[in-house]
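Take the sequence shown: its letters are residues 9 to 145, numbered as in our numbering.
Notes follow the structure.
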Amino acid sequence: ISSQAIISQAALETGWGKFMIQAEDGQSSFNFFGIKADSRWQGDKVTVTTHEYRDGQRVNEKADFRAYPSIEAGLKDYANFLQADRYQKSKAAGTDVEKYAKELQQAGYATDPQYAKKILRIANSELMKLALEVPRG
């Protein structure tokens, strides 16, 4: 999967890191991808108000999100999360950011009907281009 796609999705989900899901005590959830904590999740969780789209309308509601002890744990869980059968087409998109984003949306990753377009807009933004140009050492 394209690192640009993953970074763009994380940027969308966290507002470029400004709005990381936090516990009441201010602790970070290290949940960069907005993964909810459904009944299958056995780890820590944080309950926050979020917005979803129901019948085409944006609504605010409380939801449980996964919380991790570290950045690494959050990233590993995201990789594991994408192993679900419903995300196979997303993974098959490889480095094609647009296809990856569209397949994520098709698979029901998010309720926002503009989810894929938003990821693509971030991926093609000047800020992303600058971020990708930063030398790694």
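The C-beta atom is built at its ideal place from N, Cα and C for all residues, glycine as well.
Nearest to residue 45 by alpha carbon, out of 78, 55, 61?
55
For residue 105, count neighbouring C-beta atoms within 10 Å of its own C-beta (all shown protein chains included) and say buried if the count is 16 or more, exposed if not.
Under this definition residue 105 is a buried residue.
Applying the criterion that 16 or more other CB atoms from any shown protein chain within 10 Å of the CB defines a buried residue, is residue 48 buried or exposed?
Residue 48 is exposed by the Cβ-count criterion.
Start and end of the beta strand (DSSP E) containing residue 22?
No beta strand (DSSP E) contains residue 22, which is instead part of the alpha helix (DSSP H) from 11-22.
For residue 68: DSSP bridge partner residues:
59
Distance check for residue 41 and residue 76, CA to CA, integer angstroms please.
12 Å
One or two residues paired with residue 74 in a DSSP bridge:
53
By how many angstroms is the C-alpha of residue 32 removed from the C-alpha of residue 70?
About 14 Å.
Is the beta carbon of residue 28 less than 8 Å from the beta carbon of residue 16?
no
Could you check what DSSP says for residue 36 in three-state terms: helix, strand or coil?
strand
Where the alpha helix (DSSP H) containing residue 47 begins and where it ends:
Residue 47 -> no alpha helix (DSSP H), and no H or E assigned at all.
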